[in-house]
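S.K.:
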Amino acid sequence: MPRLSCYFIRAALIYLALGALLGGLILSAKGAPSTLGWAWQFLPAHIQLVIGGWLIQLSLGVAYWILPRRDGTGDRGRPAAAWLCFAALNVGVAGAAILLALRAVLQAAWLDALLGLAALGQVLALAAFAWHAWPRVAPVLTQARPSAH
Amino acid sequence: MPTVTRTFIKTALVYAFSGTLLSALWLINLARPLHPLLAAVQPTAIHLIVIGWLTQLIVGVALWMFPVWSKEQPRGPEWLSWACYGTLNTGLLLRALAEPISALWATPLLRWLLIGSAGLQVAALWLFAALVWPRVRAKGSGR
Numbered sequence: 001m002p003r004l005s006c007y008f009i010r011a012a013l014i015y016l017a018l019g020a021l022l023g024g025l026i027l028s029a030k031g032a033p034s035t036l037g038w039a040w041q042f043l044p045a046h047i048q049l050v051i052g053g054w055l056i057q058l059s060l061g062v063a064y065w066i067l068p069r070r071d072g073t074g075d076r077g078r079p080a081a082a083w084l085c086f087a088a089l090n091v092g093v094a095g096a097a098i099l100l101a102l103r104a105v106l107q108a109a110w111l112d113a114l115l116g117l118a119a120l121g122q123v124l125a126l127a128a129f130a131w132h133a134w135p136r137v138a139p140v141l142t143q144a145r146p147s148a149h
Numbered sequence: 150m151p152t153v154t155r156t157f158i159k160t161a162l163v164y165a166f167s168g169t170l171l172s173a174l175w176l177i178n179l180a181r182p183l184h185p186l187l188a189a190v191q192p193t194a195i196h197l198i199v200i201g202w203l204t205q206l207i208v209g210v211a212l213w214m215f216p217v218w219s220k221e222q223p224r225g226p227e228w229l230s231w232a233c234y235g236t237l238n239t240g241l242l243l244r245a246l247a248e249p250i251s252a253l254w255a256t257p258l259l260r261w262l263l264i265g266s267a268g269l270q271v272a273a274l275w276l277f278a279a280l281v282w283p284r285v286r287a288k289g290s291g292r
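Structural data, given as structure tokens:
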């Protein structure tokens, strides 16, 4: 597994753990509305963490690992775009989750502006990954490597 | 394909069908009201699809395909995988039962079932994260 896929997948597992925790609190709030009613303010953050942080990030990490290589040397091509995707996605998702949670208790124009930037980060991330992966989605790109035997 | 993976994937397929069916019933109920219970099934349907289908499929395939844990235990302690399966699906089934009904008739028992369901699902997903974390590593960086 390439190092970048490790980063994508480990980050996805962290988001899964956080998203599940918030989801568990929100579901528990249905059972104990008077004591856990505050948990509902984390619903938008929960959705960000589970969809962007877990499902999308995991699929990108596995795609970077599994999609066909570009040549016999094992080159995956356009690595800068894939790294940019990792950075922008994590800034975008973590930023959006934190800002959405803050927005439940604080109304400010700068929060909305930052939320817009976080959204743009997510869009940039997916565009960068598509730029990286597009040439790898092809019938057969590589010759089998010569056997060591 | 190991038994635990086959069990995860087949269960995921059942959730894909049941989540889609429930979602379709919710949509039909919007257009032509059939039963008040169907108006309350949307969050349940979403979670059957996102947790029961998508996440469960990922868990099953990850336990199978990720780099091995060790030569002796390629997929780690198998009982932990089964514990993850048991807690995840018990939690989801409790939710599928208690969430729509409690939206209409909230009894103390249903409320406790919802809290129990939340705890089981969180435990399952944390267990999965802990189980595969050591297997997410770059080629050549052995344990």
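Here the protein sequences come in this chain order: B and Z. Under my numbering, the first residue of the first sequence carries the number 1, and numbering increases by one thereafter. Under my numbering, the first residue of the second sequence carries the number 150, and numbering increases by one thereafter. Backbone N, C-alpha and C fix where the C-beta goes; we use that ideal spot for every residue, glycine too. Being a predicted model, the structure only gives us computed values, none of them experimental.
Ordered along the chain, which non-local residues of its own chain (more than five positions away) have a Cβ less than 7 angstroms from that of Z/A272?
M.R.: Residue 272 of chain Z sits at position 123 when you count from the first residue of the second sequence. So the qualifying residues of the chain are T236.
S.K.: Tell me whether Z/S219 sits in a helix, a strand or coil according to DSSP, three-state version.
M.R.: Locating residue 219 of chain Z in the second sequence gives position 70, counting from the first residue. Coil, per DSSP.
S.K.: In chain order, what residues of the same chain have a beta carbon less than 8 angstroms from the beta carbon of B/A128, not counting five sequence neighbours either side?
M.R.: If you number the first sequence from 1, residue 128 of chain B lands on position 128. Cβ neighbours of B/A128 beyond the five flanking positions: A81, A82, L84, C85 and A88.
S.K.: Z/T256 by DSSP, collapsed to three states: which one?
M.R.: Translated into the one-based positions of the second sequence, residue 256 of chain Z becomes position 107. It is coil, neither helix nor strand.
S.K.: Assuming the contact rule is C-beta atoms closer than 8 angstroms, Z/L263 and Z/G240 should be a hit. Round their C-beta distance to whole Å, please.
M.R.: Counted from its first residue, the second sequence places residue 263 of chain Z at position 114. Counted from its first residue, the second sequence places residue 240 of chain Z at position 91. The Cβ separation is near 10 angstroms, so there is no contact.
S.K.: Can you find at least 3 beta carbon pairs, one from the segment 239 to 255 of chain Z and one from the segment 183 to 200 of chain Z, that sit closer than 8 angstroms?
M.R.: With the cut-off at 8 angstroms, the segment 239 to 255 of chain Z and the segment 183 to 200 of chain Z touch.
S.K.: Is Z/R292 buried or exposed, if buried means 16 or more other CB atoms sit within 10 Å of its CB?
M.R.: Against the second sequence, residue 292 of chain Z aligns to sequence position 143. Note that Z/R292 has pLDDT 48, beneath the 50 cutoff, so the model's placement of it is unreliable and no number is given.
S.K.: If you count every other CB in all the chains shown that lies within 10 Å of the CB of B/H46, and 16 or more means buried, which is it?
M.R.: Residue numbering aside, residue 46 of chain B sits at position 46 when the first sequence is read from its first letter. It is buried - the Cβ of B/H46 has at least 16 other Cβ atoms within 10 Å.
S.K.: Quick one: what's got a C-beta closer than 7 angstroms to Z/W91's C-beta in the same chain, skipping five residues either side?
M.R.: This structure does not reach residue 91 of chain Z, given that chain Z is present from 150 up to 292, and the question cannot be answered.
S.K.: If we call anything under 8 angstroms between Cβ atoms a contact, is B/G61 one with B/A12?
M.R.: Here residue 61 of chain B refers to the residue found at position 61 of the first sequence. Here residue 12 of chain B refers to the residue found at position 12 of the first sequence. Taking 8 angstroms as the Cβ cut-off, B/G61 and B/A12 qualify as a contacting pair.
S.K.: Could you give the DSSP three-state label for Z/R292: helix, strand or coil?
M.R.: As a working mapping, residue 292 of chain Z is identified with position 143 in the second sequence. Reliability fails at Z/R292, whose pLDDT of 48 lies under 50, so the model's placement of it is uncertain and no value is given.
S.K.: Taking just the CA atoms, how far does B/K30 sit from Z/L253?
M.R.: One-based indexing of the second sequence puts residue 253 of chain Z at position 104. One-based indexing of the first sequence puts residue 30 of chain B at position 30. Approximately 12 angstroms between the Cα atoms of the pair.
S.K.: If distances are taken between C-alpha atoms only, which option among B/L111, B/A17, B/G116 and B/A101 comes closest to B/L55?
M.R.: Mapped onto the first sequence, residue 55 of chain B falls at position 55. For B/L55, the nearest C-alpha among the options comes from B/A17.
S.K.: Leaving out the 5 sequence neighbours to the left and right, which residues in its chain are closer than 8 angstroms to B/G37 when beta-carbon positions are compared?
M.R.: Taking the first residue of the first sequence as position 1, residue 37 of chain B is located at position 37. Result list for B/G37: A29, in chain order.
S.K.: Give the straight-line distance between the Cα atoms of Z/V199 and B/D75, rounded to the nearest whole angstrom.
M.R.: Taking the second sequence and counting its residues from 1, one reaches residue 199 of chain Z at position 50. Taking the first sequence and counting its residues from 1, one reaches residue 75 of chain B at position 75. About 34 angstroms.
S.K.: Among Z/L280, Z/I195 and Z/V163, which residue has its Cα nearest to the Cα of Z/W175?
M.R.: Taking the second sequence and counting its residues from 1, one reaches residue 175 of chain Z at position 26. Nearest C-alpha to Z/W175: Z/I195.
S.K.: Assign B/G72 to buried or exposed, taking buried as 16 or more other Cβ atoms, counted over all protein chains shown, within 10 Å of its Cβ.
M.R.: As a first step, residue 72 of chain B must be located in the first sequence, where it is residue number 72. It is exposed - the Cβ of B/G72 has fewer than 16 other Cβ atoms within 10 Å.
S.K.: Would B/V93 pass as an interface residue toward chain Z - the criterion being a Cβ-Cβ separation below 8 angstroms?
M.R.: Against the first sequence, residue 93 of chain B aligns to sequence position 93. No, B/V93 does not count as interfacial toward chain Z.
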